[in-house]
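Contents: one structure, followed by commentary.
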Amino acid sequence: MKENIPATLPKLLEMKTTKQKFYEVLGSNAASFIASLLSMYNEDEKLRKCDPVSILAAAKQAAILQLPIMKQLGYAYVIPYYDGKNKKQVAQFQMGYKGFLQLAMRSGVFRNVNTVEIYEGEIKSRNKITGEIELGERTSDEVVGYVAYMELVNGFSKTLYMTRAEIEEHAQKYSQSYAYDLKSGSRTSIWSKNFDTMAKKTVLKKLMTTYAPTSIEMQNSALATALKADQAVISKDSYQYVDNGGNVVERTDDIISENSAEIIDAETGEIVAQEGISDDGNRKS
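What follows is the structure in structure tokens.
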């Protein structure tokens, strides 16, 4: 007999099995993570209209990646979205650029990684073969582009620069909600509300997906999982990219071990060492 799924997220979070999953990955910080999820749910009318299972799946992904979902922290988000194909409101998991930076640093593969805005006048020269740029003094407060840089522990480094026009073209091509905003004059998409933040994430993600190592260790890392799960409605079997034509990719990843060596406090964003979790969901002493 198929188990009935509660109609709302609060009811779903009251289930013992649901709480247990969060305690398995977050230990004593599970309570504050669940509280932040409920607070976000209660404050967002659009999120309250979403399929509660999709909200929970997005939140679980953030928890497994050890990333807080408080919007002001900018690590990871649970975003409401209308799935036109299936005619329902769903929640998608979305990484922030700070989340990608955090996972890259935790991987042990990167010596340095960053992404920033570039202002008018700051580009003195640009090597189109290596990607390297030489910076000068800004001449105005107009943002003309975005740059991401990474240096691996083995010495390999790469710089990727995209102009604001290139980012704009990317956003219109891959975000149906942003394209709709431009046509309708509305400001409902995350691109419309946080263009610079999304632009920095875009250039950083593009750099990582193109030039990050392809070793087995890297493919099984939290960073690799985040790159796949970003902007997806998550189910047990697939990632559905509802804001990019509804494309569905089969899930073959094992995410990451739930016994991660560190967690991030859901309220402060501070990294806290994990001491281990007992079978009843409590932290071991």
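The working numbering puts the first residue of the sequence shown at 2, with every later residue one more than the last.
Don't be surprised by glycine CBs; every beta carbon is placed ideally from N, CA and C.
The bridge partners DSSP lists for E135 are S126. Residue nearest to T215 within the set K237, D182, L153 and Q90 is L153 (criterion: CA-CA distance).
In the DSSP annotation of this structure, the continuous segment of the alpha helix (DSSP H) that includes G100 starts and ends at Y98 to S108.
Between F23 and A59 the beta-carbon gap is near 13 Å, outside 8 Å, which marks them as no contact. Less than 7 Å separates the beta-carbon of A149 from that of L205. The three-state reading of DSSP puts A233 in strand, counting E and B together. In the structure shown, Q90 falls within a strand segment according to DSSP collapsed to helix, strand and coil. In this structure C51 touches A92 by the C-beta definition: roughly 5 Å separates them, less than 8 Å. According to the DSSP secondary-structure assignment, V250 is paired through a beta bridge with Y240.
When only Cα atoms are considered, E170 and V249 end up about 23 Å apart. Between Y175 and L39, the alpha-carbon positions lie close to 30 Å from each other.
Residue environment for I235: buried (at least 16 other C-beta atoms within 10 angstroms of its C-beta).
Comparing C-alpha distances from I134 to each of K159, I65 and M96 shows the shortest one belongs to K159. DSSP, read as helix, strand or coil, puts A8 in coil. For I70, the three-state secondary structure derived from DSSP is coil. Per DSSP, reduced to three states, the secondary structure at D52 is coil, with no helix or strand assignment.
The DSSP-derived three-state label of V154 is coil. Beta-bridge annotation (DSSP): M163 is paired with Y147. The alpha carbon of V145 has as its nearest neighbour, out of Y162, N155, T131 and K129, the alpha carbon of Y162. The three-state secondary structure of E118, taken from DSSP, is strand. For A32, there is no enclosing beta strand (DSSP E); the enclosing alpha helix (DSSP H) covers residues A31 to E44. DSSP lists no bridge partner for P214.
Under the three-state reduction of DSSP, D142 is assigned to coil, being neither helix nor strand. Contact annotation: the stretch 95–102 touches the stretch 194–213, with at least three C-beta pairs closer than 8 Å. Residue range Q177 to S185 is occupied by the alpha helix (DSSP H) that includes Y179.
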